[in-house]
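Comments concern the structure below.
In the numbering used here, the protein residues as written are 3 to 125.
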């Protein structure tokens, strides 16, 4: 992630609160989605997770974080990234963002955009 976009993401994360859905992939290839505490720390996101999520992230580190809409007309914040499992008081993963977008249904405000909805790329 570029340093230039980090402040935008940090601000967007802080605005969204302290929890998000983290999506990992199981050994069978099935999605595993849980709602977890997440915080911005040193240009990355740290999620406090359970054992299954940590195991999935260790084996298949491409993950997504979803901060859902807070009200009608709001954007979801979607963060795709690479996870690294860290030791601590409990399992946690550090997610280094690779793609970040604010997303909501509706026509794209930019006809040249690759997004078919109302998307605002942050990184």
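Ideal placement from N, C-alpha and C gives every residue a C-beta, glycine not left out.
Practice task
Quick one: give me the first and last residue of the alpha helix (DSSP H) that residue 86 is part of.
Solution key: That residue, residue 86, is in no alpha helix (DSSP H); its beta strand (DSSP E) goes 78-88.
Handout entry: Three-state secondary structure assigned by DSSP to residue 66
Key = DSSP places residue 66 within a strand segment (E or B) once states are collapsed to three.
Exercise for the section: Note down, in chain order, each residue of its chain lying with its Cβ closer than 7 Å to the Cβ of residue 54, except the 5 sequence neighbours on either side. Expected result: Within the same chain, 34 come within 7 Å of residue 54 by CB-CB distance, once the 5 residues on both sides are set aside.
Practice task
Determine the extent of the beta strand (DSSP E) in which residue 32 is found, giving its start and end residues.
Solution key: In the DSSP annotation of this structure, residue 32 is not part of any beta strand (DSSP E), being labelled neither H nor E.
Handout entry: residue 5 burial status per 10 Å Cβ neighbour count (16 or more: buried)
Key = At residue 5 the pLDDT is 32, less than 50, meaning the model places this residue with poor confidence; the figure from the coordinates comes in the next sentence. Exposed: under 16 other Cβ atoms inside 10 Å.
Exercise for the section: Please name the residue, chosen from 39, 27 and 38, that lies closest to residue 62 on a Cα-to-Cα basis. Expected result: Just measuring C-alpha positions, the residue of 39, 27 and 38 sitting nearest residue 62 is 27.
Exercise for the section: Using three-state DSSP, classify residue 17 as helix, strand or coil. Expected result: DSSP places residue 17 within a helical segment (H, G or I) once states are collapsed to three.
Exercise for the section: Quick one: give me the first and last residue of the beta strand (DSSP E) that residue 49 is part of. Expected result: Per DSSP, residue 49 belongs to the beta strand (DSSP E) from 46-50.
Handout entry: From 15, 73, 96 and 58, residue whose alpha carbon lies closest to that of residue 106
Key = Of the candidates 15, 73, 96 and 58, 73 places its Cα closest to the Cα of residue 106.
Problem - 7 Å Cβ shell around residue 10 - same chain, five flanking residues per side excluded - result: Correct list, in chain order: 124.
Exercise for the section: Could you please give the first and the last residue of the uninterrupted alpha helix (DSSP H) stretch that includes residue 56? Expected result: Looking at the DSSP string, the run of the alpha helix (DSSP H) that includes residue 56 is 53-61.
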